[in-house]
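Protein chains in written order, with our numbering: chain B, 25 to 328; chain C, 10 to 327. What follows is one structure encoded as structure tokens, with my remarks underneath.
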């Protein structure tokens with residue numbers, strides 16, 4: 025069997041409306057799913073070449089990241105600090121390969137740079153570093169913190185916008201294990217108090233964490249009830265279903281009194297049968313070349 | 010021994026902070042303020058009353074407050090984030106990740122610093138905050154010596170780029186400066202030039218006592234140079250070396266653990282650039298305790314008489 029070299033593959037050409045224009049962009053779900061799988065091809069390659077990283081959580085969150093960046097958010101890849109942009113804070117910073125792969129796809133940096141992940145001198149640090157890498161809104165990776173930062177950004181947008189019409193929206197993605205951090209619930213309490221309605225949080229509830237299944241390590245359920253009791257607008261979706269992700273984003277935009285949390289039920293490693301076989305083992309393990317080939321073969325099969 | 014050289018008492022640095030913050034709020038609409046249920050104590054209350062839409066009450070949740078301040082700052086605001094020194098720097102990981110490593114223009118305001126808070130005891134006494142904040146790359150670490158300097162410092166921080174920590178006192182401070190004072194961030198502030206028998210350094214709550222001690226010692230024939238170290242990071246190494254060269258011996262004083270504070274910073278710099286004998290006065294790596302601020306300053310030998318005595322015995326032994 026010949027070894028695949030995904031770095032030599034040219035991704036499908038993208039034809040997108042201007043990313044700083046009106047949202048949502050009505051990109052078909054099928055297209056977004058294909059782009060997510062293309063990102064997964066790069067993600068597994070990046071982590072394999074880095075020799076360390078987090079494939080499971082990067083795969084589970086990929087459809088959400090791609091849908092937000094391509095369909096739901098206003099931004100300018102050639103002007104990453106454009107003031108009017110919507111913000112995405114990846115609070116579960118270990119899944120940053122999913123964001124790197126997606127941002128490279130829309131032109132934040134060359135795709136070739138993806139292979140420098142976690143290497144000395146790279147802008148693509150093991151966890152997001154906003155001072156180094158375009159498209160990162162904050163430095164995250166110490167779990168529980170990104171949601172507070174996202175809240176602060178959303179507050180700034182409220183100050184800068186007109187009444188009832190904030191200057192931009194802020195998206196934040198957390199993990200499910202991450203919700204074990206106390207700081208999350210400090211923000212859960214403060215965002216409704218400050219009526220931060222332009223904040224949409226996606227919980228990538230992929231069920232696994234380092235020491236085991238979330239339900240065994242430290243159960244966070246009943247999750248929807250918890251957020252509801254903190255006065256959030258709570259939506260529960262299948263986090264791999266792009267149409268449901270889009271619908272949730274629209275519902276959050278339409279909600280004018282509360283911040284929105286979307287509990288995205290996902291499976292760690294989604295997109296790869298091999299990774300999904302073990303929700304825990306593939307949290308923070310680099311795939312071998314053979315593992316990588318197996319994952320990529322399945323993805324390419326779906327893409328062909 | 011009685012002090013006959015007392016300086017005129019000014020306001021507490023936290024009071025000056027509150028007044029100046031309210032004053033700058035009008036012109037500088039990018040300034041926002043966050044507090045964690047201590048606005049009456051940190052004095053951010055004045056700003057909250059004048060500009061309620063730019064004041065965020067965060068409740069008793071300092072970690073969330075720091076992160077939220079970072080988010081505001083990363084979206085173009087200058088965020089003053091206020092609590093007691095011990096509570097706000099106690100959320101070190103949030104300061105490290107969300108503020109410092111994110112390059113957020115947050116001004117972390119830690120009030121009631123040191124044993125100067127008094128009867129509340131060790132749980133409320135920030136005695137490690139300078140050491141913590143000093144360890145973060147890009148973090149500017151400041152501690153004004155009186156109310157006038159506090160005003161100038163807070164004004165300078167409106168346009169300053171990068172994160173900063175400002176350490177303020179609960180207690181009123183002796184006046185070191187007059188209204189013509191010009192604050193220069195990153196420069197030593199020489200407040201007495203009696204002579205070059207030794208260099209005496211103060212910061213925050215001890216700066217005024219250093220001046221009083223030096224004036225007292227002058228009558229006894231000991232001639233000191235006194236500098237107020239308002240900028241602990243970046244430390245004015247050039248100025249410090251110059252003074253250490255002319256004075257030969259250095260005494261540092263602070264209401265903070267002597268490990269990692271201003272004295273530690275001075276010792277690190279001089280050991281590399283111009284090794285001289287250094288006496289570090291302050292809290293000698295012990296926990297704080299309840300007591301009146303004056304009693305605690307006396308206990309730790311950082312009141313005027315204690316500093317004067319410390320200088321005398323250091324010079325005798327040298």
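Every residue gets a Cβ at the ideal spot worked out from N, C-alpha and C, and that includes glycine. Quantities reported herein were computed from a predicted structural model and do not represent experimental measurements.
Q: State the Cα-Cα distance for the pair residue 210(C) and residue 291(C), rounded to the nearest angstrom.
A: 11 Å
Q) Do residue 101(B) and residue 131(B) have their C-beta atoms closer together than 7 Å? A) yes
Q: Ignore the nearest five residues each way along the sequence and tell me which others in residue 191(C)'s own chain have a CB closer than 8 Å to its CB.
A: 161
Q.
Please return the same chain residues whose Cβ sits closer than 7 Å to the Cβ of residue 268(B), not counting the five positions on each side in sequence.
A. 261 and 262
(Q) Is there a C-beta anywhere in chain B that falls below 7 Å from the one on residue 114(C)? (A) no
Q) What first and last residue would you give for the beta strand (DSSP E) that runs through residue 229(B)? A) 223 to 229
Q | Cross-chain neighbours of residue 35(C) in chain B, by beta carbon under 7 Å | A | Under the 7 Å cutoff, chain B gives no residues; its nearest Cβ is about 16 Å from residue 35(C).
**Q.** the region 242 to 276 of chain B: positions lying closer than 9 Å to chain C by Cβ
**A.** none
Q | 7 Å Cβ cutoff, residue 60(C) in contact with chain B | A | no
Q: Return the CA-CA distance between residue 100(C) and residue 259(B), expressed in angstroms with no decimal places.
A: 32 Å
Q.
Can you find the residues in the same chain that come closer than 6 Å, C-beta to C-beta, to residue 31(C), ignoring five residues on each side of it along the sequence?
A. 55, 56 and 59
(Q) Does chain C have any CB closer than 7 Å to the CB of residue 286(B)? (A) no
Q. Is any beta-carbon of chain B found at less than 7 Å from that of residue 44(C)?
A. no
Q: Taking residue 67(C) and residue 214(B) to be in contact with their CB atoms under 8 Å, please state how far apart those CB atoms are, rounded to whole angstroms.
A: 6 Å
(Q) Give the list of continuous beta strand (DSSP E) stretches no shorter than 3 residues that lie fully inside the region 97 to 185 of chain B. (A) 111 to 114
**Q.** Cβ-based burial, residue 175(C) [other Cβ within 10 Å; buried from 16]
**A.** buried
Q.
One question on the structure: do residue 115(B) and residue 198(B) come within less than 7 Å of each other, judged by their Cβ atoms?
A. yes
Q. Sorted by chain position, which residues of the same chain lie with C-beta nearer than 6 Å to residue 323(B)'s C-beta, five sequence neighbours on each side aside?
A. 61, 64 and 65
Q.
If we require 4 or more residues per run, which alpha helix (DSSP H) segments fall completely within the region 58 to 138 of chain C?
A. 71 to 83 and 94 to 99
Q.
Starting from residue 240(B), trace the alpha helix (DSSP H) in both directions and tell me its first and last residue.
A. 238 to 242
Q) Listing by chain order, which chain B residues have their CB less than 9 Å from the CB of residue 65(C)? A) 176, 179, 214 and 218
Q. Is the shortest distance between the beta-carbon of residue 173(B) and the beta-carbons of chain C less than 7 Å?
A. yes
Q: Provide the residue(s) that pair with residue 21(C) in DSSP beta bridges, ordered along the chain.
A: 181(C)
Q | Secondary structure of residue 408(B), DSSP reduced to three states | A | Outside the shown range of chain B (25 to 328) lies residue 408(B), about which nothing can therefore be said.
Q.
Please classify residue 314(B) as buried or exposed, where buried requires at least 16 other C-beta atoms within 10 Å of its C-beta.
A. exposed
(Q) Using the Cβ count rule (16 or more neighbours within 10 Å means buried), how would you classify residue 242(B)? (A) exposed
Q: With a cut-off of 8 Å on the beta carbons, I'd call residue 200(B) and residue 169(B) a contact; round off their distance for me.
A: About 16 Å; that fails the 8 Å criterion.
Q: Give the interface partners of residue 148(C) over in chain B, defined as CB-CB distance under 9 Å, in chain order.
A: Correct list: empty, because the minimum Cβ distance to chain B is about 14 Å.
Q. Per DSSP, which one or two residues make a beta bridge with residue 323(B)?
A. Answer is none; residue 323(B) lacks a bridge partner.
Q) Nearest chain C C-beta to residue 231(B) closer than 7 Å, yes or no? A) no
Q | Exposure label - residue 84(C); buried when at least 16 CB within 10 Å | A | buried
Q. How many Å lie between residue 169(C) and residue 237(B) at the Cα?
A. 46 Å
Q) Should residue 106(C) be flagged as near chain B, meaning a C-beta pair shorter than 7 Å? A) yes
Q. Between the C-alpha atoms of residue 23(C) and residue 129(C), what's the straight-line distance to the nearest angstrom?
A. 17 Å
Q) Do the CB positions of residue 154(C) and residue 92(C) come within less than 7 Å of each other? A) no
Q) When you compare each of 308(B), 151(B) and 189(B) to residue 234(B) by their alpha carbons, which one comes out closest? A) 308(B)
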